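For the sequence shown, the residue numbers in my numbering are 27 to 420.
Glycine included, C-beta positions come from ideal geometry on N, C-alpha and C.
This one's a predicted model, so the numbers in the text were calculated from it and none came from an experiment.
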Amino acid sequence: MKKHLLLIANILVVVSLFAQKPSLTKAYNCFYDKDYDKAKEQIDLCAADEKLSAKAQTWLYKGNIEFLLANREYSEKQKNESYVIRYPDAPVEAYDAFEKALSINPKVEALDMMEANEALKQLYPYLLVRGVDQLIANDYAGAKATLAKGIKSYEMDKPQYPMNGDLYYYYAFALESLGETSEAVKYYQKALEDGSQNPYVYAKLVEQYKAENDRQNVEKTLATAKAKNPNDVSIKLLEIDYFYWAGDSVKAASLLDGIDPQSLTTADEMVNMANFYIKEKRYEPAEKLLSRANRVSPNNFVILYNLGVCSYSFSEYYFNRQNQLAIQGGAKSEIDAAKQLSDKYLGDAAGYFEQARQLQPNDVNLLNTLRAIYVRQQSPKADEIDALIKQLEK
Numbered sequence: 027m028k029k030h031l032l033l034i035a036n037i038l039v040v041v042s043l044f045a046q047k048p049s050l051t052k053a054y055n056c057f058y059d060k061d062y063d064k065a066k067e068q069i070d071l072c073a074a075d076e077k078l079s080a081k082a083q084t085w086l087y088k089g090n091i092e093f094l095l096a097n098r099e100y101s102e103k104q105k106n107e108s109y110v111i112r113y114p115d116a117p118v119e120a121y122d123a124f125e126k127a128l129s130i131n132p133k134v135e136a137l138d139m140m141e142a143n144e145a146l147k148q149l150y151p152y153l154l155v156r157g158v159d160q161l162i163a164n165d166y167a168g169a170k171a172t173l174a175k176g177i178k179s180y181e182m183d184k185p186q187y188p189m190n191g192d193l194y195y196y197y198a199f200a201l202e203s204l205g206e207t208s209e210a211v212k213y214y215q216k217a218l219e220d221g222s223q224n225p226y227v228y229a230k231l232v233e234q235y236k237a238e239n240d241r242q243n244v245e246k247t248l249a250t251a252k253a254k255n256p257n258d259v260s261i262k263l264l265e266i267d268y269f270y271w272a273g274d275s276v277k278a279a280s281l282l283d284g285i286d287p288q289s290l291t292t293a294d295e296m297v298n299m300a301n302f303y304i305k306e307k308r309y310e311p312a313e314k315l316l317s318r319a320n321r322v323s324p325n326n327f328v329i330l331y332n333l334g335v336c337s338y339s340f341s342e343y344y345f346n347r348q349n350q351l352a353i354q355g356g357a358k359s360e361i362d363a364a365k366q367l368s369d370k371y372l373g374d375a376a377g378y379f380e381q382a383r384q385l386q387p388n389d390v391n392l393l394n395t396l397r398a399i400y401v402r403q404q405s406p407k408a409d410e411i412d413a414l415i416k417q418l419e420k
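Here it is, written out as structure tokens:
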């Protein structure tokens with residue numbers, strides 16, 4: 027009986043090995059039947075085979091299969107956002123396969139399949155989507171490699187679907203995230219040349235030129251931004267930031283008054299405008315904007331920290347008011363009311379700073395402010411924060 031079992035097991039192994047034998051014919055038949063999942067299984071076996079991997083036809087098949095998988099996947103994603111992409115790297119694998127096919131035989135072709143050169147020119151939309159997904163996952167090196175291929179694809183011919191600078195913008199962002207600043211600037215510029223209307227492109231360029239103290243290019247970029255986007259609030263905020271940076275706070279404040287806070291729609295815009303109000307020590311409108319931003323984008327360190335700053339300034343105002351009334355012999359009810367408001371806003375400030383601390387527990391500036399608040403409140407938490415600051419300073 028044992029011998030029979032061993033014989034059956036050996037037969038199953040042989041059958042399994044035979045079934046998995048790489049075959050270009052099987053891969054093509056699955057492709058022709060539009061069973062692209064099976065086709066991928068078969069062509070990946072061929073690509074891993076020493077003899078078949080040397081054939082241009084193998085890589086042409088693989089490129090076509092991966093291309094159609096990418097097309098299917100992203101089409102499904104467009105219809106249904108909850109669709110989980112099974113082959114996220116299909117666009118990259120298609121690109122690499124087509125390039126390899128051409129390197130082996132520039133004239134390779136197959137019935138009912140795209141030629142490698144034609145297919146390469148059409149891959150950029152899929153490579154863009156894949157690169158952005160990698161950026162979202164903080165895989166900047168992967169995004170850089172993917173988007174570089176997307177740019178090559180895009181520049182092979184006049185693109186059928188203009189990207190309006192998006193490929194260059196996201197590639198530049200990947201470069202900047204990897205510390206390749208000078209290269210990033212080049213591609214932010216290319217994004218503009220490709221017709222980008224994205225305010226973040228201008229913001230990134232202005233930021234880089236400011237870091238280089240290149241006032242001429244800052245002004246040139248701003249002029250272009252205003253000409254192309256005269257009513258864009260984010261560009262107006264960018265101009266205000268420029269005047270603060272250039273030392274003309276009067277002009278900056280004048281432009282700030284020309285913006286209706288209700289016109290702001292994104293948390294970034296609200297935070298930027300609130301920061302300008304804080305510069306002007308106009309804490310009430312800053313607090314209103316930051317409260318809106320907090321509803322739009324909760325658990326944001328900058329928003330919570332600046333809400334703490336506003337509440338702390340309100341507390342200081344009423345604390346000084348309380349002392350002023352006491353010196354001037356004001357009514358006890360007024361003094362008590364000022365004290366209650368000062369204490370209330372101090373507690374609010376501590377709450378916001380503690381929420382921010384959950385996000386960045388080792389921010390020393392935040393911890394110093396919290397220590398000062400707890401000292402004023404005569405809270406034992408002051409000693410706890412003090413010990414933490416000393417530990418971090420070591």
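Query raised in the report: If Ser323 sits next to Ala293, beta carbons under 8 Å apart, how far is it from one beta carbon to the other, in whole angstroms?
Result: That belief holds up - the Cβ atoms of Ser323 and Ala293 are roughly 4 Å apart, short of 8 Å.
Item to complete: Answer with buried or exposed for Ala35, where buried requires no fewer than 16 other C-beta atoms within 10 angstroms of its C-beta.
Response: For Ala35, the predicted structure reports a pLDDT of 47, less than 50, and the residue's modelled location is therefore unreliable. A value from the coordinates is still provided. By the 10 Å Cβ count, Ala35 comes out exposed.
Leaving out five residues before and five after Gln386 in sequence, what residues of the same chain have Cβ atoms less than 8 Å from its Cβ? Phe327 and Leu392
Cα-Cα separation between Val40 and Lys47, rounded to whole angstroms: Confidence is the limiting factor: at Val40 the pLDDT is only 41, short of 50, which leaves the residue's position unreliable, though a coordinate-based value still follows. Each residue's alpha carbon lies about 11 Å from the other.
query: Which residues bound the alpha helix (DSSP H) around Met296?
result: Ala293 to Lys305
Margin query: Going by C-alpha to C-alpha distance, which of Ala171, Asp240 and Met182 sits closest to Ala145?
Written below: Taking Ala145 as reference, the option from Ala171, Asp240 and Met182 with the minimal CA-CA separation is Met182.
- Could you check which residue in Pro185, Val227 and Pro188 has the C-alpha nearest to that of Tyr196? Looking at Pro185, Val227 and Pro188, the one whose alpha-carbon comes closest to that of Tyr196 is Val227.
Q | Nearest neighbour of Ala375, chosen from Ala163, Ala200, Arg397 and Asp389 [CA to CA] | A | Distances from the alpha-carbon of Ala375 to those of Ala163, Ala200, Arg397 and Asp389 put Arg397 closest.
Burial state of Glu313, where buried means 16 or more other Cβ atoms lie within 10 Å: buried
Quiz prompt | Rounded straight-line distance, which links the Cα of Arg156 to that of Trp85 | solution = 21 Å
Please classify Ile111: does DSSP put it in a helix, a strand, or coil?
coil
Legend entry - Among Tyr54, Asp412, Thr247 and Leu201, nearest to Leu173 - alpha-carbon criterion: Leu201
Can you tell me the Cα-Cα spacing of Val276 and Ile285, whole angstroms? Pairing Val276 with Ile285, the inter-Cα distance amounts to about 15 Å.
Give a yes or no on contact between the stretch 52–61 and the stretch 108–125, applying the rule of three or more CB pairs nearer than 8 Å.
No, the stretch 52–61 is not in contact with the stretch 108–125.
Margin query: Given this structure, state the Cα-to-Cα distance separating Tyr187 from Leu153, to the nearest angstrom.
Written below: 13 Å
Quick one: what's got a C-beta closer than 6 Å to Gln234's C-beta in the same chain, skipping five residues either side?
Val211
Practice task
Would you be able to state if there are at least three C-beta pairs under 8 Å between the stretch 264–281 and the stretch 301–308?
Solution key: yes
In terms of alpha-carbon separation, which member of Leu231, Ala237 and Asn239 lies closest to Ala249? Leu231
Rounded straight-line distance, which links the Cα of Leu372 to that of Leu338 = Position check: residue 338 holds Tyr in this sequence, whereas Leu was assumed. One C-alpha to the other measures close to 6 Å.
Check your understanding: Which of helix, strand or coil does DSSP assign to Asn90?
Key -> When DSSP states are grouped into helix, strand and coil, Asn90 belongs to the helix group.
Can you give the beta carbon distance from Glu92 to Glu135, rounded, assuming they're within the 8 Å contact cut?
Glu92 to Glu135, Cβ: 17 Å. No contact.
Nearest to Leu24 by alpha carbon, out of Gln242, Tyr87, Gln404 and Asn301? There is no way to answer for residue 24, as the model of the chain reaches only from 27 to 420.
Notebook entry, point to check: Nearest-angstrom Cα distance between Val335 and Leu94?
Noted result: 54 Å
### Run of the alpha helix (DSSP H) containing Tyr120, from where it starts to where it stops
A small correction: the amino acid at residue 120 is Ala; Tyr does not occupy that position in the sequence shown. In the DSSP assignment, Ala120 falls within the alpha helix (DSSP H) that extends over Ala116 to Ile130.
* Provide the residue span of the alpha helix (DSSP H) that contains Glu380, from first to last. => Where Glu380 is concerned, the enclosing alpha helix (DSSP H) stretches over Lys358 to Leu385.
For the alpha helix (DSSP H) holding Lys52, just list the boundary residues, first then last.
Leu50 to Tyr58
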